[in-house]
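>
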Amino acid sequence: MRLDRGNSILLFNQGDCGTCWYIILSASVNVVIAGKGIVCTLHEGDDFGKLALVNEAPRAATIVTNESNCQLLRVDKSHFDRILRDVEANT
Numbered sequence: 001m002r003l004d005r006g007n008s009i010l011l012f013n014q015g016d017c018g019t020c021w022y023i024i025l026s027a028s029v030n031v032v033i034a035g036k037g038i039v040c041t042l043h044e045g046d047d048f049g050k051l052a053l054v055n056e057a058p059r060a061a062t063i064v065t066n067e068s069n070c071q072l073l074r075v076d077k078s079h080f081d082r083i084l085r086d087v088e089a090n091t
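Numbering (UniProt numbering), first residue to last: 1 to 91.
(1) Could you tell me the distance, in whole angstroms, from the CA atom of residue 11 to the CA atom of residue 63?
(2) Nearest by alpha-carbon distance to residue 104: which of 83, 53, 67, 45 is it?
(3) If you scan the UniProt domain "Cyclic nucleotide-binding" (11-84) from start to end, which runs of the beta strand (DSSP E) of 3 or more residues do you find wholly inside it?
(4) Between the Cα of residue 121 and those of 77, 65, 81, spot the shortest distance and give me the residue it belongs to.
(5) Could you check the C-alpha separation between residue 33 and residue 61 for me, to the nearest Å?
(6) Identify which residue in 78, 14, 69 has its Cα closest to the Cα of residue 38.
(7) Would you decide whether residue 52 is buried or exposed? Buried here means 16 or more other CB atoms lie within 10 Å of its CB.
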């Protein structure tokens with residue numbers, strides 16, 4: 001997934017249902033929590049979104065791109081679940 005529309009593209013909101021896991025391939029994203037603002041910035045190689053999938057809970061934070069030309073790998077829930085099953089079977 002390549003986002004070329006500039007800075008501050010909203011990927012999802014705090015409280016949204018989690019449907020995907022993301023890995024940052026390039027650029028960075030801000031993690032925003034209601035009432036606290038930006039709590040951290042994630043960079044190339046970092047991932048986000050897996051807690052909502054593992055815990056079947058709403059998103060714990062809002063994620064907004066921090067730079068133009070952000071590239072992300074997006075893994076949908078069915079593929080994420082398959083990866084977890086494969087890891088568990090091989091450990």
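Beta carbons are placed, not taken as given, at the ideal position from N, Cα and C, and that holds for glycine.
This one's a predicted model, so the numbers in the text were calculated from it and none came from an experiment.
Quick answer:
(1) For this step, residue 11 is matched to residue 11 along the sequence shown. For this step, residue 63 is matched to residue 63 along the sequence shown. Our two residues, residue 11 and residue 63, have alpha carbons roughly 6 angstroms apart in a direct line.
(2) Given that the chain is displayed from residue 1 to residue 91, the structure contains no residue 104 and the question cannot be resolved.
(3) Taking only runs of at least 3 residues, the beta strand (DSSP E) segments lying wholly in the UniProt domain "Cyclic nucleotide-binding" (11-84) are 20-26, 28-33, 37-43, 62-65, 70-76.
(4) Only positions 1 to 91 of the chain appear in this structure, which leaves residue 121 out of reach.
(5) Sequence index remark: in the sequence shown, residue 33 carries index 33 (1-based). Sequence index remark: in the sequence shown, residue 61 carries index 61 (1-based). Each residue's Cα considered, the two are about 5 angstroms apart.
(6) Position 38 of the sequence shown, counted from the first residue, corresponds to residue 38. When only C-alpha atoms are compared, the closest one is 14.
(7) Here the question's residue 52 lines up with position 52 in the sequence shown. Flag for residue 52 reads buried.
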